[in-house]
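**Q**
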Amino acid sequence: MSATCSAGQEKSCAEREVVPAFSYAGYPTENRANEKGSLVEPSVPDTPSTGAADAGLHLEATLDQLADGLVLIDREWRYTYLNRAAEQYMRLTSEQIVGRTLWELFPDAATNDFGEPMRRAMKERTVTYVRAYHSALELWLETRIYPTADGIAVHLRDVSDIERQQRELDDAVDRALRMTALLDISNEAFITEDLDYHVTYWNRGAEQIYGWTREEAVGRDIRTLIYDEATHFEKAAAELASTGRWSGELHQRAKDGRRIVVACRWQAVLDEQGRPSSYFAVNSDITSVHEQREVESRARRLESLGTLAGGIAHDLNNVLTPVLMSVQLLKTMTPSPEQAELLEGMQSAIIRGADMISQVLSFARGVEGARDLVQARALIDELRKLTLAVLPKSIEVVIVDDEVPPMIGDATQILQVIVNLVTNARDAMPDGGTLTISLREQTVHATSTSRPSLSTGRHVAIAVADSGGGMSDEIVGRIFDPFFTTKGVGEGTGLGLSSSLAIARSHGGDLTVASELGSGSVFTLLIPAADSSSLDDKSAGTAEDAPLEGRGRLVLVIDDEENIRSIVSQTLERHGYRTVQAQNGRDAISVMAAHGDDVALVLTDMMMPVMDGAAVASYLREHHPAVAVVASSGLNAAAAVERARGVGVRHFIPKPFTTETLMRALRDALNE
Numbered sequence: 001m002s003a004t005c006s007a008g009q010e011k012s013c014a015e016r017e018v019v020p021a022f023s024y025a026g027y028p029t030e031n032r033a034n035e036k037g038s039l040v041e042p043s044v045p046d047t048p049s050t051g052a053a054d055a056g057l058h059l060e061a062t063l064d065q066l067a068d069g070l071v072l073i074d075r076e077w078r079y080t081y082l083n084r085a086a087e088q089y090m091r092l093t094s095e096q097i098v099g100r101t102l103w104e105l106f107p108d109a110a111t112n113d114f115g116e117p118m119r120r121a122m123k124e125r126t127v128t129y130v131r132a133y134h135s136a137l138e139l140w141l142e143t144r145i146y147p148t149a150d151g152i153a154v155h156l157r158d159v160s161d162i163e164r165q166q167r168e169l170d171d172a173v174d175r176a177l178r179m180t181a182l183l184d185i186s187n188e189a190f191i192t193e194d195l196d197y198h199v200t201y202w203n204r205g206a207e208q209i210y211g212w213t214r215e216e217a218v219g220r221d222i223r224t225l226i227y228d229e230a231t232h233f234e235k236a237a238a239e240l241a242s243t244g245r246w247s248g249e250l251h252q253r254a255k256d257g258r259r260i261v262v263a264c265r266w267q268a269v270l271d272e273q274g275r276p277s278s279y280f281a282v283n284s285d286i287t288s289v290h291e292q293r294e295v296e297s298r299a300r301r302l303e304s305l306g307t308l309a310g311g312i313a314h315d316l317n318n319v320l321t322p323v324l325m326s327v328q329l330l331k332t333m334t335p336s337p338e339q340a341e342l343l344e345g346m347q348s349a350i351i352r353g354a355d356m357i358s359q360v361l362s363f364a365r366g367v368e369g370a371r372d373l374v375q376a377r378a379l380i381d382e383l384r385k386l387t388l389a390v391l392p393k394s395i396e397v398v399i400v401d402d403e404v405p406p407m408i409g410d411a412t413q414i415l416q417v418i419v420n421l422v423t424n425a426r427d428a429m430p431d432g433g434t435l436t437i438s439l440r441e442q443t444v445h446a447t448s449t450s451r452p453s454l455s456t457g458r459h460v461a462i463a464v465a466d467s468g469g470g471m472s473d474e475i476v477g478r479i480f481d482p483f484f485t486t487k488g489v490g491e492g493t494g495l496g497l498s499s500s501l502a503i504a505r506s507h508g509g510d511l512t513v514a515s516e517l518g519s520g521s522v523f524t525l526l527i528p529a530a531d532s533s534s535l536d537d538k539s540a541g542t543a544e545d546a547p548l549e550g551r552g553r554l555v556l557v558i559d560d561e562e563n564i565r566s567i568v569s570q571t572l573e574r575h576g577y578r579t580v581q582a583q584n585g586r587d588a589i590s591v592m593a594a595h596g597d598d599v600a601l602v603l604t605d606m607m608m609p610v611m612d613g614a615a616v617a618s619y620l621r622e623h624h625p626a627v628a629v630v631a632s633s634g635l636n637a638a639a640a641v642e643r644a645r646g647v648g649v650r651h652f653i654p655k656p657f658t659t660e661t662l663m664r665a666l667r668d669a670l671n672e
């Protein structure tokens, strides 16, 4: 819109400084400068109104064809016009925008990179410029703001592609500079090859990973240098030739024959015509990471197996408990010799099954074994029944049975270790040989061991030797690592020796190996011998045992398994106790309300619906503190034992338990 002036004004219209004029909706028309360099209004010829309207429509159509955006904002910061490109930038139509304020549409405009230049253009009436990222529009915009008679005109250009290309170029230059500086100090292998895969560059990282020096590697064919078989390499190379890049993991070989896992990033280097001229490879040794992933994967599977084993063990122990106690109850009913023999065999089988379940839990959940007097000769006799009788006839078994003192430990766990060592010795002699098991006493001095967990003093040494092919120093150094195995795929878990070592050390002992290629191997298990005080305690406890009979005392038996409640109650009543029963903790509280003054002891299962054993023990500790509590569970986990003790349980007996174990636990709890 043109301004008018009277003849009496000090300055003529031709000399007055003005903002750019706009012929339609504020869009700037051509301006010209006076002799002072200031913008002056152009002369606008008079036109009929219809001609102006047609011109306006024509101009609007022209502006809508522009690739750049144009926005007009009045002095109240309201949008008065925007072309089609601006609508696309803002993802709104003119109808949705015109009449609304800048601050209404973009509340952060007061603080972002675009607000200040727009305010300055509006206030100072000067052209401003800004190039920045508009977070609300998610665009990089090059913006020029022109003052107009009615406000400001904003010219917007989307430069996102240019900005991205510039950043990619900057990143490429930065990577190139860093690569140049890091080539010889990086632990990664940087390798260049010609199109026939002959090495042309080999950095220090490649020397460290593969063992080949630069002089040895340059000129060699990479396919024969670090690959045993090139099938996987050829597939990767085909993709590299086709697409210009490839990344992935490959199994490769070091100079010393080690198999390594390498993460590879390969890129074709192009000449000026855009054709591949060479290949550039960045290889990282991830063998340890790959092995750790395998360990973690197997550990997760083992954890799942442990959870499954725990649930199965709990159920099996609940099944075995009434069977074992029923057999023992039948043995007291004067059976015939034939019946007694059958019952004895059943009892032995049940106890062996319970021991097997205990070992599964011990391995899967880390349950600590018992600490009793163990006779090494008795273990060897048991070994003869379990393992030696089924060894191949091509293996000769020699047993050197010296006089040794009793050990302190868990007989089942120690036998498990010996069986594992015998099994490994058998596997080391597929064509037959000699398997020697020897017992001897050995003294460990404080100066002869650097391992704090190995107790000093007398030990029983149980050595298992084979005449197989022996092992290299490298294998000996890893033989006790979890999941390490020398057996074929599917033939070994790599857990036998690691779990055996854990058992030995949990006893205060150790498990060692001596082996040479071609000379067989000797594994020696050390278990602390029982000292005189341990022997005295055991004999004194046996001699001074108080009577196991109940003498009419009342026991509350709590278990959600009816058959367990029944057989336990029958057994207790046969030994002079009186019993009442409850199937869960809630029922037990009702029983205590009726018989609480008469109940001397509560025998409770730990895992029950409605209200478990720990909750029962907590209730008894608060309301009946004089009542003794003995807990039992088919899941003999250390956490369960500690939880039971934490709520006042005096004794914990794992299922299945024998009559003697049950009676001793009740007697000890009542006598405390």
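Taking the working numbering, the leading residue of the sequence shown gets 1, the next gets one more, and so forth. Just so it is clear, CB atoms sit at the ideal spot from N, CA and C, and this is done for glycine as well. Note that the coordinates shown come from a computational prediction; the quantities given were computed from them, not determined experimentally.
1. If you run the structure through DSSP and keep just helix, strand and coil, what is Q442?
2. Got a sec? Which residues, its chain only, sit under 6 Å from R245 by beta carbon, not counting five neighbours each side?
3. Let me know the secondary structure DSSP gives W674 once reduced to three states.
4. Flag this pair as yes or no: are the beta carbons of N563 and P406 separated by less than 7 Å?
5. Looking at T192: is its Cβ nearer than 7 Å to the Cβ of F280?
6. List the residues that DSSP assigns as beta-bridge partners of A669.
7. Would you mind sorting V610 into buried or exposed? The rule is 16 or more other CB atoms within 10 Å of its CB.
8. Per DSSP, which residues does L620 bridge with? Please list them.
9. Since A86 contacts L156 with CB under 8 Å, what's their CB separation in whole angstroms?
10. Just the C-alpha distance for V419 and F652, rounded to the nearest angstrom, thanks.
11. Three or more C-beta pairs under 8 Å: does that hold for the region 415-430 against the region 327-338?
12. Write down the C-beta distance between V374 and G409 rounded to the nearest angstrom, noting that I regard them as a contact closer than 8 Å.
13. Does DSSP put Y129 in a helix, a strand or coil?
14. Smallest Cα separation from L391: which of A411, T579, T436?
15. Using the C-alpha atoms, what's the distance from E403 back to F480?
16. Distance, Cα to Cα, S278 vs D174?
17. Of all the options D74, T200, R301, L415, which has the alpha carbon lying nearest to the alpha carbon of K385?
18. Tell me, please, which residues DSSP counts as bridged to P654.
19. Would you identify the three-state DSSP class for E76, choosing helix, strand or coil?
20. Could you tell me the alpha carbon to alpha carbon distance between Q583 and E561, rounded to whole angstroms?
21. Take D427 as the anchor and find which of S521, N671, A463, E142 has the nearest alpha-carbon.
22. Report the residue from A236, Q88, R120 whose alpha carbon sits nearest the alpha carbon of R144.
23. Under three-state DSSP, which class holds G646?
24. Assign V319 to one of three DSSP states: helix, strand, or coil.
25. Mark S500 as exposed unless 16 or more other C-beta atoms lie within 10 angstroms of its C-beta, in which case mark it buried.
26. Using a Cβ-Cβ cut-off of 7 Å (strictly less than) and excluding sequence neighbours within five positions of D221, which residues of its own chain qualify?
27. Of all the options L601, S326, V282, which has the alpha carbon lying nearest to the alpha carbon of E672?
28. Under a Cβ-count criterion, where at least 16 other Cβ atoms within 10 Å of its own Cβ denotes burial, should K235 be classed as buried or exposed?
29. On a Cα-Cα basis, can you pick out the residue from D355, Q328, F233 that is closest to L343?
30. Please report the Cβ distance between A461 and R440, rounded to the nearest whole angstrom; I am assuming they are in contact, meaning their Cβ atoms lie under 8 Å.
31. Hey, how far is the Cα of I674 from the Cα of D64?
32. Would you list the residues sitting across from M685 in a DSSP beta bridge?
33. In its own chain, which residues sit with a C-beta less than 8 Å from the C-beta of W103, not counting the 5 before and 5 after it?
34. Provide the residue span of the beta strand (DSSP E) that contains V400, from first to last.
35. Go to I589, then tell me how far its alpha helix (DSSP H) extends in each direction, as first and last residue.
36. With respect to the alpha helix (DSSP H) encompassing I503, which residues constitute its N-terminal and C-terminal limits?
**A** From the atom records:
1. strand
2. Q267
3. The first residue shown for the chain is 1 and the last is 672, placing residue 674 beyond what the model contains.
4. no
5. yes
6. Per DSSP, none; premise fails for A669.
7. exposed
8. In the DSSP output, where bridge partners are listed per residue, L620 has none listed.
9. 6 Å
10. 29 Å
11. no
12. 5 Å
13. strand
14. T436
15. 29 Å
16. 21 Å
17. L415
18. S633
19. coil
20. 7 Å
21. S521
22. R120
23. helix
24. helix
25. buried
26. Y197, H198
27. L601
28. exposed
29. Q328
30. 5 Å
31. Summary: the structure shown does not reach residue 674, with the chain confined to residues 1 through 672, and so no result is reported for it.
32. The structure shown does not extend to residue 685, since the chain is modelled only from 1 through 672, so no value can be given for it.
33. W77, A109, A110
34. 395-401
35. 585-595
36. 496-506
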